[in-house]
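Student:
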Amino acid sequence: MKSRDQGTETRDQEVQRVKRLLHSALPRIGDEREPDRDLWPAMLRRMDEHASRGPASVPWFDWALGGALLAFAAMAPRTIPLILYYL
Amino acid sequence: MRDDADSVLSRFRHGDVDAFETLFRMHQRAVQGWILRIVREPSAAEDVTIEAFWRMHQAHARFDPDRGFEPWARRISTHAALDWLRRRRPESSMAPELWDTVPAPLAGDPAVSGEVRAKTAQAFARLPPKLRVAALLAVVEEQPYKEVADALGVSVGAVKLRVFRALRLLRKDLSEQGITP
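So the sequence lines, in the order shown, correspond to chains A and B.
33 is the number of the first residue of the first sequence in my numbering; add one for each residue after it.
490 is the number of the first residue of the second sequence in my numbering; add one for each residue after it.
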């Protein structure tokens with residue numbers, strides 16, 4: 033029991049030493065910072081870029097699926113009503 | 490006043506850009522500050538802040554006004570910063586002649602040499618990002634475990650475990666380099 037307590041104590045001390053080392057290596061940033069630059073114009077640019085991209089945001093597999101359906105319909109025109117029924 | 494805030498949150502949820510701008514301006518500083526604590530580079534923090542707000546804008550329909558904007562924004566910000574850490578390669582090793590140029594933080598131990606500080610920072614950068622974020626917020630930034638857990642979307646126990654694993658891995662890495670903490 034005593035040796036287990038000593039083991040826990042040693043481990044705690046090791047953890048504390050690593051924590052101290054970490055504090056020495058990496059300064060705390062905290063809340064004291066320079067006032068931030070207004071990022072709203074950059075945010076608007078990001079939103080505009082996305083809006084102007086439009087159809088490019090359709091996943092490639094949707095285009096592939098559409099292409100495969102068109103090819104299938106061209107090869108077997110009699111299936112077109114069936115495909116339209118299930119769309 | 491309370492009704493105004495509720496109205497902004499509700500309008501944001503329905504995709505109103507003006508409401509989004511209001512929330513952006515209200516929370517930019519807090520979000521950017523939180524992200525800076527994780528990424529630790531001001532220019533990267535700006536990019537990740539925009540990415541985080543972009544994700545909020547994209548996810549507006551899933552926002553629950555009853556739970557408040559701040560915890561939701563903080564969780565999205567934390568994950569955006571975590572993704573940035575995952576994409577970024579660990580720092581390359583620093584040349585020995587630069588070790589003594591590493592400044593000691595004000596709260597740091599002046600007895601710790603520049604070499605040890607540089608090697609500790611590099612070893613820390615090699616930790617898995619999930620462990621690094623938990624240790625950065627809980628140990629370096631001294632944030633309460635509950636707050637870190639909420640930001641990461643995990644339990645307090647999981648945060649404690651991540652911090653413990655991070656410190657153990659850091660100690661092992663440093664021992665292999667001949668540094669005994």
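We put the CB at the ideal spot given by N, CA and C, even for glycine.
Kindly indicate if chain B contains any beta-carbon less than 8 Å away from that of A/M107.
Tutor: In the first sequence, counting from the first residue as 1, residue 107 of chain A sits at position 75. Answer no: the Cβ-Cβ gap between A/M107 and chain B never drops below 8 Å.
Student: For B/V648, which option in B/L659, B/L663 and B/Q632 has the closest C-alpha, if you only look at C-alpha atoms?
Tutor: Position 159 of the second sequence, counting from 1, holds the residue named residue 648 of chain B. Out of B/L659, B/L663 and B/Q632, B/Q632 has the C-alpha closest to the C-alpha of B/V648.
Student: Using the three-state DSSP reduction, which class does B/Q666 fall into: helix, strand or coil?
Tutor: Numbered from its first residue, the second sequence carries residue 666 of chain B at position 177. If DSSP states are grouped into helix, strand and coil, B/Q666 belongs with coil.
Student: Going along chain A in order, which residues have a C-beta closer than 7 Å to the C-beta of B/Q517?
Tutor: Your numbering for residue 517 of chain B matches position 28 in the second sequence. Here the neighbours are D68 and L71.
Student: Could you list which residues in chain A have their beta carbon closer than 9 Å to that of B/F558, in chain order?
Tutor: Counting from one through the second sequence, the residue named residue 558 of chain B turns up at place 69. Simply none; closest approach about 16 Å.
Student: For B/S566, does the count of other Cβ atoms within 10 angstroms reach 16, so buried, or fall short, so exposed?
Tutor: Here residue 566 of chain B corresponds to residue number 77 of the second sequence, with the count starting at 1. By the 10 Å Cβ count, B/S566 comes out buried.
Student: Over the uninterrupted alpha helix (DSSP H) stretch that includes B/F552, give me the two end residues.
Tutor: Locating residue 552 of chain B in the second sequence gives position 63, counting from the first residue. That residue, B/F552, is in no alpha helix (DSSP H); it is neither H nor E in DSSP.
Student: Is the stretch 522-531 of chain B in contact with the stretch 617-633 of chain B, if contact means three or more CB pairs nearer than 8 Å?
Tutor: A contact exists between the stretch 522-531 of chain B and the stretch 617-633 of chain B.
Student: For A/R52, tell me which candidate among B/L659, B/P531 and B/K619 has the shortest Cα-Cα distance.
Tutor: In the first sequence, residue 52 of chain A corresponds to position 20, counting from 1. Closest by alpha carbon: B/L659.
Student: Where in the stretch 612-644 of chain B do unbroken runs of the alpha helix (DSSP H), each at least 4 residues long, occur, reported from the N-terminal end onward?
Tutor: Within the stretch 612-644 of chain B, the complete alpha helix (DSSP H) runs of at least 4 residues are 618-624 and 634-641.
Student: Once you ignore the five residues that flank B/P531 on each side, which residues in its own chain have a CB closer than 8 Å to its CB?
Tutor: Position 42 of the second sequence, counted from the first residue, corresponds to residue 531 of chain B. Taken in chain order, the residues that qualify are L525.
Student: State the CB to CB distance for the pair A/D68 and B/Q517, rounded to an integer number of angstroms; the pair is presumed to be in contact (CB under 8 Å).
Tutor: Locating residue 68 of chain A in the first sequence gives position 36, where the first residue counts as 1. Locating residue 517 of chain B in the second sequence gives position 28, where the first residue counts as 1. Contact flag correct, Cβ pair sits at about 6 Å.
Student: Would you say A/S56 lies against chain B (beta-carbon separation less than 8 Å)?
Tutor: By 1-based counting over the first sequence, the position of residue 56 of chain A is 24. Closer than 8 Å to some Cβ of chain B, the Cβ of A/S56 qualifies, so yes.
Student: Return the Cβ separation of B/A612 and B/L663 in integer angstroms, given the expectation that the two are a contact with Cβ distance under 8 Å.
Tutor: Translated into positions along the second sequence, residue 612 of chain B becomes position 123. Translated into positions along the second sequence, residue 663 of chain B becomes position 174. Right, their Cβ atoms sit about 6 Å apart.
Student: Using a Cβ-Cβ distance cut-off of 8 Å, determine whether A/R78 contacts chain B.
Tutor: For the purposes of this step, residue 78 of chain A is identified with residue 46 of the first sequence, where counting begins at 1. A/R78 counts as touching chain B.
Student: Among the residues of its own chain, which have a CB less than 6 Å from the CB of B/G642, if the five just before and after it don't count?
Tutor: Residue 642 of chain B sits at position 153 when you count from the first residue of the second sequence. Excluding sequence neighbours, B/G642 sits near R564.
Student: Could you name the residues of chain B that A/V47 contacts, counting a contact when the two beta carbons are closer than 7 Å?
Tutor: Position 15 of the first sequence, counted from the first residue, corresponds to residue 47 of chain A. Ordered by position in chain B, the residues that pass the 7 Å Cβ test against A/V47 are L656.
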